[in-house]
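So the protein lines, in turn, are chains A and B.
Residues in the first sequence are numbered consecutively from 1, following this note's numbering.
Residues in the second sequence are numbered consecutively from 111, following this note's numbering.
The beta carbon of each residue, even a glycine, is placed where N, CA and C say it ideally should be.
Just so it is clear, the structure is predicted and the values come from calculations on it, not from any experiment.
Notes follow the structure.
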Amino acid sequence: QSALTQPASVSGSPGQSIIISCTGTSSDIGGYNYISWYQQHPDKAPKLMIFDVNVRPSGVSDRFSGSKSGNTASLSISGLQAEDEAYYYCSAYTSSKTLVFGGGTRVTVL
Amino acid sequence: QVQLQESGPGLLKPSQTLSLTCTVSGASINGGGFYWTWIRQRPGKGLEWIGYIFYRGTTNYNPSLKSRLAISLDKSKNQFSLDLNSVTAADTAVYYCARDLVGNWYFDLWGRGTLVAVSS
Chain A
1 QSALTQPASV SGSPGQSIII SCTGTSSDIG GYNYISWYQQ HPDKAPKLMI FDVNVRPSGV
61 SDRFSGSKSG NTASLSISGL QAEDEAYYYC SAYTSSKTLV FGGGTRVTVL
Chain B
111 QVQLQESGPG LLKPSQTLSL TCTVSGASIN GGGFYWTWIR QRPGKGLEWI GYIFYRGTTN
171 YNPSLKSRLA ISLDKSKNQF SLDLNSVTAA DTAVYYCARD LVGNWYFDLW GRGTLVAVSS
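Written as structure tokens, this is what we have:
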């Protein structure tokens, strides 16, 4: 199973909006809605930000939102804040009944 | 409050078997409802799903690791474990245990992770 494709880095100024893409195939992202996003700060465990494409867990800011179109999922962050600077990973269920992650995207707040 | 805590050796030699344990506190792993999962992150790299075990003993493994991998449960200690044999330097990583709501394929609870280095 190949990792999902994410851009290595995305940056934005405070207050701006950014979008992180996550591209897979019809056997993972395109085939199911079990798509999640995780935020990871340095030396910390990942934190669930979005599940089932666009559902936010309790306690996650509504500045974070998810979507999917075809074989590509996206995480949007609006009103960018310094605390959003972190790595972000997507994940997707696959037709092999396993899970695959993206390679990760470093978000920098300028 | 449910918590997960990984434990195990920090250093191994090539060809040895990596054995890690995840202790679950605040909830019973025998209660059903979750896939108890292992995930790893190689230095400077992304996350890799290793596999899970269900309280009934059902397992599901990453095909790339399946031939070397075993995940097991110890219900009396409320723990689940990972055994990965014939390790190489490529198995050097931070290993996380996590909870996956059955059938939903996302991880709402993670351990802090434990670094395992494989070096001669």
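Nearest chain B C-beta to residue 88 (chain A) closer than 7 Å, yes or no?
The residue labelled residue 88 (chain A) in the question sits at position 88 within the first sequence. It does not: the Cβ of residue 88 (chain A) has no partner Cβ on chain B nearer than 7 Å.
The beta strand (DSSP E) enclosing residue 216 (chain B), as first and last residue numbers:
If you number the second sequence from 1, residue 216 (chain B) lands on position 106. Residue 216 (chain B) -> no beta strand (DSSP E), and no H or E assigned at all.
Please report the straight-line C-alpha distance between residue 125 (chain B) and residue 92 (chain A), rounded to a whole angstrom.
Locating residue 125 (chain B) in the second sequence gives position 15, where the first residue counts as 1. Locating residue 92 (chain A) in the first sequence gives position 92, where the first residue counts as 1. Rounded to whole angstroms, residue 125 (chain B) to residue 92 (chain A) spans 32 Å at the Cα level.
Are any of the Cβ atoms in chain A nearer than 7 Å to that of residue 216 (chain B)?
As a working note, residue 216 (chain B) is residue 106 in the second sequence. It does; some Cβ of chain A falls within 7 Å.
With DSSP as the reference, label residue 185 (chain B) as helix, strand or coil.
Working through the second sequence from its first residue, we reach residue 185 (chain B) at position 75. The answer is coil: DSSP assigns residue 185 (chain B) none of H, G, I, E or B.
Give me, in chain order, the residues of the same chain whose beta-carbon lies closer than 8 Å to that of residue 3 (chain A); leave out the 5 immediate sequence neighbours on both sides.
Here residue 3 (chain A) is taken as the residue at index 3 of the first sequence, counted from 1. Result list for residue 3 (chain A): 100, 101, 102 and 103, in chain order.
In three-state terms, what does DSSP make of residue 50 (chain A)?
Here residue 50 (chain A) corresponds to residue number 50 of the first sequence, with the count starting at 1. Of the three classes helix, strand and coil, the one that applies to residue 50 (chain A) here is strand, per DSSP.
What residues in the region 85 to 110 of chain A bring their beta carbon closer than 9 Å to a beta carbon of chain B?
The region 85 to 110 of chain A vs chain B, Cβ under 9 Å: 87, 89, 91, 92, 93, 96, 97, 98, 99, 100, 101, 102, 103 and 104.
Below 7 Å CB to CB, which residues in the same chain sit around residue 110 (chain A) once its five sequence neighbours on both sides are set aside?
Within the first sequence, numbered from 1, the residue matching residue 110 (chain A) stands at position 110. Only 11, 12 and 13 meet the Cβ criterion.
Let me know if residue 39 (chain A) comes out buried or exposed under the rule of 16 or more other beta-carbons within 10 Å of its beta-carbon.
Counting from 1 along the first sequence, the entry for residue 39 (chain A) is found at position 39. Within a 10 Å sphere around the beta-carbon of residue 39 (chain A) sit 16 or more other beta-carbons, which makes this residue buried.
Cβ pair count under 8 Å reaching 3, the region 65 to 83 of chain A against the region 41 to 52 of chain A:
Touching, per the Cβ criterion.
Can you give the Cα-Cα distance for residue 43 (chain A) and residue 224 (chain B), rounded to whole angstroms?
The sequence position of residue 43 (chain A) within the first sequence is 43, counting from 1. The sequence position of residue 224 (chain B) within the second sequence is 114, counting from 1. Taking the Cα positions, residue 43 (chain A) is about 11 Å away from residue 224 (chain B).
Could you pull out every unbroken beta strand (DSSP E) segment of at least 3 residues lying fully inside the region 18 to 83 of chain A, listed in chain order?
For the region 18 to 83 of chain A, whole beta strand (DSSP E) runs of length 3 or above, ordered along the chain, are 18 to 23, 35 to 40, 47 to 50, 64 to 69 and 72 to 77.
For residue 227 (chain B), list the residues DSSP reports as bridge partners.
Numbered from 1 along the second sequence, position 117 holds the residue referred to as residue 227 (chain B). DSSP, once it has assigned bridges, lists B:121 as partnering residue 227 (chain B).
The region 76 to 90 of chain A touching the region 116 to 132 of chain B, judged by at least three CB pairs closer than 8 Å:
Touching, no.
For the region 29 to 41 of chain A, which residues have a beta carbon sitting closer than 7 Å to at least one beta carbon of chain B?
Listed by position along the chain: 34 and 36.
Along chain A, which residues have their Cβ under 7 Å away from the Cβ of residue 205 (chain B)?
Position 95 of the second sequence holds residue 205 (chain B). By Cβ distance, chain A contributes nothing, its closest Cβ being about 11 Å from residue 205 (chain B), past 7 Å.
Among the residues of its own chain, which have a CB less than 7 Å from the CB of residue 16 (chain A), if the five just before and after it don't count?
Stepping through the first sequence from its first residue, residue 16 (chain A) is reached at position 16. 80.
Nearest chain A C-beta to residue 159 (chain B) closer than 7 Å, yes or no?
Within the second sequence, numbered from 1, the residue matching residue 159 (chain B) stands at position 49. Yes, because at least one Cβ of chain A sits closer than 7 Å to the Cβ of residue 159 (chain B).
Considering only their Cβ atoms, is the gap separating residue 221 (chain B) from residue 114 (chain B) smaller than 7 Å?
Translated into the one-based positions of the second sequence, residue 114 (chain B) becomes position 4. Translated into the one-based positions of the second sequence, residue 221 (chain B) becomes position 111. In contact: residue 114 (chain B) and residue 221 (chain B) (Cβ atoms closer than 7 Å).
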